[in-house]
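These notes concern the structure reproduced below.
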Amino acid sequence: MMDLKLGKLPDRTPVKLAITIMPDLHDALREYARCYAEAYGSEEPVTELIPAMLSAFLGSDRSFVRYRSSGR
26 MMDLKLGKLP
36 DRTPVKLAIT
46 IMPDLHDALR
56 EYARCYAEAY
66 GSEEPVTELI
76 PAMLSAFLGS
86 DRSFVRYRSS
96 GR
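Going by my numbering, 27 is the number at position 2 of the sequence shown; the sequence numbering is gapless.
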């Protein structure tokens with residue numbers, strides 16, 4: 026087997042997740058989408074922003090990052 030620098034790609038099959046949120050959070054997400062559009066000149070639906078927001082949040086939570094890297 027070849028020893029490639031690039032490892033095997035992880036599973037990239039999307040997983041659909043349905044959640045229920047409170048109206049105030051929904052309003053805040055819509056407002057964030059408007060702010061995003063102003064900042065980047067590109068309108069994106071909230072449903073496209075949420076996965077990126079969650080990923081950024083999880084990646085910035087140092088305790089969670091340490092926990093994941095500990096192999097638990």
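Think of the CB as a built atom: it goes at the ideal place given N, C-alpha and C, for glycine as much as any other residue.
At the level of alpha carbons, what is the spacing between residue i and residue j?
| i | j | result |
| --- | --- | --- |
| residue 50 | residue 75 | 12 Å |
| residue 65 | residue 55 | 15 Å |
| residue 60 | residue 43 | 24 Å |
| residue 36 | residue 52 | 33 Å |
| residue 31 | residue 69 | 31 Å |
| residue 81 | residue 48 | 23 Å |
| residue 71 | residue 79 | 12 Å |
| residue 77 | residue 87 | 17 Å |
So residue i is in the alpha helix (DSSP H); what residue range does that whole segment cover?
| i | result |
| --- | --- |
| residue 72 | 71-85 |
| residue 59 | 48-65 |
Are the CB atoms of residue i and residue j nearer to each other than 8 Å?
| i | j | result |
| --- | --- | --- |
| residue 90 | residue 96 | no |
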